[in-house]
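A.B. asks:
Protein chains: 2
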Amino acid sequence: MKGTVLYGPGDIRFEDREDPKIIEPTDAVLRLAATCVCGSDLWPYRGIEKIKGPTPMGHEYCGFVEEVGSAVKSIKPGQFVVGSFATSDNTCAHCRYGYQSSCVHREFMLRAQAPFLRVPQADGTLVPTPGGAPSDGLIPSLLACSDVLGTGWFAADAANVKPGSTAVVVGDGAVGLLGVLSAKQMGAERIIAMSRHESRQKLAREFGATDIVAERGEEAVARIKDLTKGIGADSVLECVGTKESMMQAIGATRPGGYVGYVGVPHGVEFKGEELFYRHVHLHGGPAPVRRYLPKLIDLVLNGTINPGKVFDLTLPLEQVAEGYRAMDERRAIKALLRP
Amino acid sequence: MKGTVLYGPGDIRFEDREDPKIIEPTDAVLRLAATCVCGSDLWPYRGIEKIKGPTPMGHEYCGFVEEVGSAVKSIKPGQFVVGSFATSDNTCAHCRYGYQSSCVHREFMLRAQAPFLRVPQADGTLVPTPGGAPSDGLIPSLLACSDVLGTGWFAADAANVKPGSTAVVVGDGAVGLLGVLSAKQMGAERIIAMSRHESRQKLAREFGATDIVAERGEEAVARIKDLTKGIGADSVLECVGTKESMMQAIGATRPGGYVGYVGVPHGVEFKGEELFYRHVHLHGGPAPVRRYLPKLIDLVLNGTINPGKVFDLTLPLEQVAEGYRAMDERRAIKALLRP
Chain U
150 MKGTVLYGPG DIRFEDREDP KIIEPTDAVL RLAATCVCGS DLWPYRGIEK IKGPTPMGHE
210 YCGFVEEVGS AVKSIKPGQF VVGSFATSDN TCAHCRYGYQ SSCVHREFML RAQAPFLRVP
270 QADGTLVPTP GGAPSDGLIP SLLACSDVLG TGWFAADAAN VKPGSTAVVV GDGAVGLLGV
330 LSAKQMGAER IIAMSRHESR QKLAREFGAT DIVAERGEEA VARIKDLTKG IGADSVLECV
390 GTKESMMQAI GATRPGGYVG YVGVPHGVEF KGEELFYRHV HLHGGPAPVR RYLPKLIDLV
450 LNGTINPGKV FDLTLPLEQV AEGYRAMDER RAIKALLRP
Chain C
150 MKGTVLYGPG DIRFEDREDP KIIEPTDAVL RLAATCVCGS DLWPYRGIEK IKGPTPMGHE
210 YCGFVEEVGS AVKSIKPGQF VVGSFATSDN TCAHCRYGYQ SSCVHREFML RAQAPFLRVP
270 QADGTLVPTP GGAPSDGLIP SLLACSDVLG TGWFAADAAN VKPGSTAVVV GDGAVGLLGV
330 LSAKQMGAER IIAMSRHESR QKLAREFGAT DIVAERGEEA VARIKDLTKG IGADSVLECV
390 GTKESMMQAI GATRPGGYVG YVGVPHGVEF KGEELFYRHV HLHGGPAPVR RYLPKLIDLV
450 LNGTINPGKV FDLTLPLEQV AEGYRAMDER RAIKALLRP
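Line by line, the protein sequences give chains U and C. To convert, count from 1 in the first sequence and add 149; that's my numbering. To convert, count from 1 in the second sequence and add 149; that's my numbering.
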């Protein structure tokens with residue numbers, strides 16, 4: 150088969166790769182229905198995150214089970230499954246506490262921008278869709294569950310969004326936009342999306358944003374204070390991962406409020422004393438998508454949510470390099486790839 | 150009257166001061182039954198925290214209301230009251246959310262190591278003891294509510310201690326020891342106190358510690374992992390405020406667990422990426438003691454808790470300098486001062 154490999158900044162190649170096969174008895178091999186490019190793929194693509202050599206890319210996936218290892222019990226060939234970007238046995242203590250993305254058997258998935266994919270810890274990582282294969286129109290939304298929706302959902306959960314909350318979402322990438330959707334599902338009464346891009350503002354409103362703030366930095370914080378009677382927001386979803394976005398998130402939160410952060414913080418340092426006097430709750434990390442998958446799949450299948458709308462570009466898999474370019478240049482929010 | 154003033158590192162003087170009087174109509178003036186030296190007073194005493202000039206000291210207090218301003222409604226002369234180290238109107242949005250130590254009218258108290266004390270925002274800061282003046286034997290425990298117990302209680306609350314939790318307490322100062330007591334009250338099943346001082350270990354056990362860890366740094370983290378089947382603790386109370394203690398606290402927490410931190414973090418910086426992959430919840434700040442005061446006073450008055458045991462040295466107020474010395478040299482856990 151052919152698969153996607155990053156050779157260096159801006160250098161994405163779709164090239165011959167070995168066909169995946171069962172290595173461990175707990176593995177499954179999937180034939181993917183769809184995969185996509187993640188905002189986090191842009192960090193190494195832009196050279197901000199260094200790579201050690203040619204790196205096979207992709208960690209979002211859904212599709213059909215082709216084959217399973219001898220120790221796999223619940224996952225069966227022929228099933229349509231969605232899996233997390235982080236593998237998990239779903240039985241260790243961390244998994245049982247709901248932190249499957251800190252599983253003792255965690256691996257961060259790679260190689261998913263390809264037609265076939267080996268998934269370790271199949272029983273603990275994959276969730277079959279109830280009722281068999283979904284209609285083709287649902288594939289984008291099911292694919293979104295694998296990371297981008299699950300991550301936005303975790304941001305809202307970590308930010309303690311509750312019915313009636315005022316939530317702020319920092320970041321108008323796909324995760325931020327699905328953070329808006331998640332906050333809406335969790336009952337936020339007011340959702341302030343930070344965006345200066347018209348198409349993204351529009352989608353944010355469609356997903357449930359009640360207010361848009363286009364300012365940045367201190368001006369943004371001042372604007373949010375204005376919108377919240379000087380108090381600050383109950384819940385802030387940090388979906389970027391830069392120092393500026395994090396400071397903006399902490400500044401927008403009321404004392405006693407919650408910051409949920411899901412963008413990998415690149416070069417961010419928190420000053421202890423500043424955080425102390427801010428009185429915020431801080432929680433985040435790689436989203437435990439596996440915890441949320443059954444619920445998210447249900448919400449997609451019963452038509453409650455349509456997170457697949459973040460895919461505003463669909464390409465045949467072999468044009469993956471164009472997907473990266475379009476997202477890098479912010480011409481696309483998120484590129485879906487069809488093998 | 151005479152009061153306590155810090156002139157520079159190690160230089161505590163008990164000297165003539167103006168008698169406190171009502172300045173704002175929301176003020177009260179108290180005649181103190183007791184006051185004490187706080188662990189945080191040692192930061193400037195040791196010269197680690199710079200002072201700008203002679204600084205009147207003390208922020209823990211309880212005693213009798215002498216006089217109230219014209220706008221004070223609920224607090225009356227003659228009442229015995231306990232107040233927080235941070236003033237609050239108890240009506241602003243932050244107060245209503247339970248973060249009175251971020252009140253829009255917050256002032257951090259000073260000048261309490263004296264026989265008389267002006268307290269701003271009397272109605273929102275002070276809590277009268279039900280049933281009139283308490284017996285003399287209860288004064289140390291009521292005084293403890295003013296900061297040291299309230300702060301330990303907040304550490305446990307911020308660390309999300311629940312019935313059945315495993316809690317670790319970093320720091321064997323008075324706050325840490327009362328963090329142990331608080332975790333016990335909140336139902337922690339296992340309480341691991343970190344201490345290498347025999348007298349403090351003894352008091353920790355008396356307050357509810359089930360295990361003592363004398364190691365520090367990475368060894369301490371390894372020991373706690375051993376004690377928790379390799380998982381880490383649900384709740385860690387950080388009651389010191391140094392980089393070492395904070396890293397120890399974060400390292401001892403399981404993914405998804407909670408760090409409650411109440412020591413002012415001096416020169417602590419959190420690396421965003423490290424925190425991200427640790428998956429911990431982080432919350433802390435100046436304790437909203439006012440939120441807890443009614444409950445803590447009840448627990449003292451009905452004999453459920455005896456936090457006054459942390460005072461292992463009682464001195465006449467005029468010997469305040471000896472109280473500082475004894476605590477600085479760790480000869481005393483905490484010094485109570487009687488005017």
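Where a beta carbon is used, it is the ideal one built from N, C-alpha and C, also for glycine.
For U:Val-362, which three-state DSSP category applies?
C.D. replies: The residue you call residue 362 of chain U lines up with position 213 of the first sequence. Of the three classes helix, strand and coil, the one that applies to U:Val-362 here is strand, per DSSP.
A.B. asks: What's the call for U:Ile-197, buried or exposed, on a 16-neighbour Cβ count within 10 Å?
C.D. replies: As a working mapping, residue 197 of chain U is identified with position 48 in the first sequence. Per the 10 Å Cβ criterion, exposed.
A.B. asks: Note down, in chain order, every chain U residue with its Cβ under 8 Å from the Cβ of C:Leu-431.
C.D. replies: Position 282 of the second sequence, counting from 1, holds the residue named residue 431 of chain C. The answer, in chain order, is Leu-424, His-430, Leu-431 and His-432.
A.B. asks: Would U:Pro-404 pass as an interface residue toward chain C - the criterion being a Cβ-Cβ separation below 8 Å?
C.D. replies: The sequence position of residue 404 of chain U within the first sequence is 255, counting from 1. Yes, contact with chain C.
A.B. asks: Consider the Cβ of U:Pro-312: report whether some Cβ of chain C lies at a distance smaller than 8 Å.
C.D. replies: Here residue 312 of chain U is taken as the residue at index 163 of the first sequence, counted from 1. Not closer than 8 Å to any Cβ of chain C, the Cβ of U:Pro-312 fails to qualify, so no.
A.B. asks: For a test of the three-state rule: what should DSSP assign to C:His-254, helix, strand or coil?
C.D. replies: Here residue 254 of chain C refers to the residue found at position 105 of the second sequence. In the structure shown, C:His-254 sits in coil (DSSP, three-state: anything other than H, G, I, E or B).
A.B. asks: Taking U:Leu-181 as part of the beta strand (DSSP E), name the residues at either end of that continuous run.
C.D. replies: Counting from 1 along the first sequence, the entry for residue 181 of chain U is found at position 32. Start and end: 177 to 185.
A.B. asks: If you follow the alpha helix (DSSP H) that C:Lys-333 is in, where does it begin and where does it stop?
C.D. replies: By 1-based counting over the second sequence, the position of residue 333 of chain C is 184. Counting along the chain, the alpha helix (DSSP H) containing C:Lys-333 begins and ends at 323 to 334.
A.B. asks: Between the region 436 to 449 of chain C and chain U, which residues of the former have a C-beta closer than 7 Å to a C-beta of the latter?
C.D. replies: Within the region 436 to 449 of chain C, no residue qualifies.
A.B. asks: Just to confirm, are C:Val-459 and C:Ala-323 a CB contact at a threshold of 8 Å?
C.D. replies: Counted from its first residue, the second sequence places residue 459 of chain C at position 310. Counted from its first residue, the second sequence places residue 323 of chain C at position 174. The answer is yes: Cβ separation under 8 Å.
A.B. asks: I want to know whether the region 363 to 377 of chain C touches the region 291 to 301 of chain C - three or more CB-CB distances under 8 Å.
C.D. replies: Segments in contact, no.
A.B. asks: If you measure between the beta carbons of U:Leu-464 and U:Ala-183, is that distance less than 8 Å?
C.D. replies: Along the first sequence, read from residue 1 onward, the residue named residue 464 of chain U stands at position 315. Along the first sequence, read from residue 1 onward, the residue named residue 183 of chain U stands at position 34. Not a contact, by the Cβ cut-off of 8 Å.
A.B. asks: Please decide whether U:Ile-197 counts as near chain C, where near means a Cβ-Cβ distance under 8 Å.
C.D. replies: Start at 1 with the first residue of the first sequence, and residue 197 of chain U comes out as number 48. By this cut-off, U:Ile-197 is not an interface position.
A.B. asks: Around the Cβ of U:Phe-257, are there at least 16 other Cβ atoms within 10 angstroms (buried) or fewer (exposed)?
C.D. replies: Here residue 257 of chain U refers to the residue found at position 108 when the first sequence is read from its first residue. Per the 10 Å Cβ criterion, exposed.
A.B. asks: From the DSSP output, read off the bridge partner residues of C:Tyr-210.
C.D. replies: Within the second sequence, numbered from 1, the residue matching residue 210 of chain C stands at position 61. DSSP lists C:Thr-184 as partners of C:Tyr-210.
A.B. asks: For U:Thr-315 and U:Pro-443, I'd like the C-alpha separation in whole angstroms.
C.D. replies: Residue mapping note: residue 315 of chain U aligns to position 166 of the first sequence, counting from 1. Residue mapping note: residue 443 of chain U aligns to position 294 of the first sequence, counting from 1. One C-alpha to the other measures close to 27 Å.
A.B. asks: Tell me the DSSP bridge mates of U:Gly-157?
C.D. replies: As a working note, residue 157 of chain U is residue 8 in the first sequence. According to DSSP, which records beta bridges pairwise, U:Gly-157 is partnered with U:Asp-160.
A.B. asks: Against chain C, does U:Val-413 count as a neighbour if the rule is that its beta carbon must be under 8 Å from one of theirs?
C.D. replies: What you label residue 413 of chain U is simply residue 264 of the first sequence in a count that begins at 1. U:Val-413 counts as touching chain C.
A.B. asks: Rounded to the nearest angstrom, what separates C:Ser-348 and C:Ile-482 at their Cα positions?
C.D. replies: Taking the second sequence and counting its residues from 1, the one referred to as residue 348 of chain C is at position 199. Taking the second sequence and counting its residues from 1, the one referred to as residue 482 of chain C is at position 333. Roughly 9 Å separates the two Cα atoms.
A.B. asks: Below 8 Å on C-beta distance, what does U:Ile-380 contact in chain C?
C.D. replies: Position 231 of the first sequence, counting from 1, holds the residue named residue 380 of chain U. Within 8 Å Cβ-Cβ: Ala-242 and His-243.
A.B. asks: Using a Cβ-Cβ cut-off of less than 9 Å, list which residues of the region 456 to 483 of chain C approach chain U; keep chain order.
C.D. replies: Residues passing the 9 Å Cβ filter: none.
A.B. asks: From what residue to what residue does the beta strand (DSSP E) around U:Ile-340 run?
C.D. replies: By 1-based counting over the first sequence, the position of residue 340 of chain U is 191. It spans 339 to 343 - the beta strand (DSSP E) in which U:Ile-340 sits, taken as one unbroken run.
A.B. asks: Please go through the same chain and pick out, in chain order, the residues whose beta-carbon is closer than 7 Å to the beta-carbon of U:Phe-356, but skip the five residues on each side of it.
C.D. replies: If you number the first sequence from 1, residue 356 of chain U lands on position 207. Here the set comprises Leu-326, Val-329, Leu-330 and Lys-333.
A.B. asks: Select from the region 390 to 404 of chain U all residues with a C-beta closer than 9 Å to any C-beta belonging to chain C, and list them in chain order.
C.D. replies: Residues Gly-390, Lys-392, Met-395, Arg-403 and Pro-404.
A.B. asks: Compute the distance between the beta-carbons of C:Gly-232 and C:Thr-274, then report whether it is under 8 Å.
C.D. replies: As a first step, residue 232 of chain C is located in the second sequence; it is residue number 83 there, counting from the start. As a first step, residue 274 of chain C is located in the second sequence; it is residue number 125 there, counting from the start. In this structure, C:Thr-274 lies closer than 8 Å to C:Gly-232 by Cβ.
A.B. asks: Going along chain C, which residues have a C-beta under 7 Å from U:Lys-420?
C.D. replies: By 1-based counting over the first sequence, the position of residue 420 of chain U is 271. Glu-418, listed in chain order.
A.B. asks: For C:Tyr-246, go through chain U and note every residue whose CB falls closer than 9 Å to its CB, in chain order.
C.D. replies: Counted from its first residue, the second sequence places residue 246 of chain C at position 97. The contacting residues are Ile-380, Asp-383, Arg-403, Pro-404, Gly-405 and Gly-406.
A.B. asks: Below 9 Å on C-beta distance, what does U:Ser-251 contact in chain C?
C.D. replies: By 1-based counting over the first sequence, the position of residue 251 of chain U is 102. What U:Ser-251 touches in chain C: Arg-403, Pro-404, Gly-405, Tyr-426, Arg-427 and His-428.
A.B. asks: Assuming U:Arg-267 contacts U:Pro-169 (C-beta within less than 8 Å), just tell me the rounded distance between them.
C.D. replies: Against the first sequence, residue 267 of chain U aligns to sequence position 118. Against the first sequence, residue 169 of chain U aligns to sequence position 20. Yes, they are in contact, since the Cβ atoms of U:Arg-267 and U:Pro-169 sit about 4 Å apart, within 8 Å.
A.B. asks: Put U:Tyr-248 into one of helix, strand or coil per three-state DSSP.
C.D. replies: Sequence index remark: in the first sequence, residue 248 of chain U carries index 99 (1-based). Correct three-state label for U:Tyr-248: coil.
A.B. asks: So, under 8 Å CB-CB, C:Ala-261 and C:Gly-409 are touching, yes? Tell me the CB distance rounded to an integer number of Å.
C.D. replies: On the second sequence, residue 261 of chain C is found 112 positions in, with the first residue counted as 1. On the second sequence, residue 409 of chain C is found 260 positions in, with the first residue counted as 1. Wrong, their Cβ atoms sit about 25 Å apart, outside the cutoff.
A.B. asks: From which residue to which residue does the beta strand (DSSP E) around U:Phe-419 run?
C.D. replies: Residue mapping note: residue 419 of chain U aligns to position 270 of the first sequence, counting from 1. U:Phe-419 -> beta strand (DSSP E) spans 418 to 420.
A.B. asks: Hey, how far is the Cα of C:Gly-412 from the Cα of U:Pro-264?
C.D. replies: The residue given as residue 412 of chain C occupies position 263 in the second sequence. The residue given as residue 264 of chain U occupies position 115 in the first sequence. Distance between the alpha carbons of C:Gly-412 and U:Pro-264: 53 Å.
A.B. asks: Quick one: grab the DSSP three-state call for U:Leu-259.
C.D. replies: By 1-based counting over the first sequence, the position of residue 259 of chain U is 110. DSSP places U:Leu-259 in coil when its eight states are reduced to three.
A.B. asks: Can you tell me which of the three DSSP states U:Asp-168 falls into?
C.D. replies: Position 19 of the first sequence, counted from the start, is the residue given in the question as residue 168 of chain U. Looking at U:Asp-168 - three-state DSSP - the assignment turns out to be coil, as it is neither helix nor strand.
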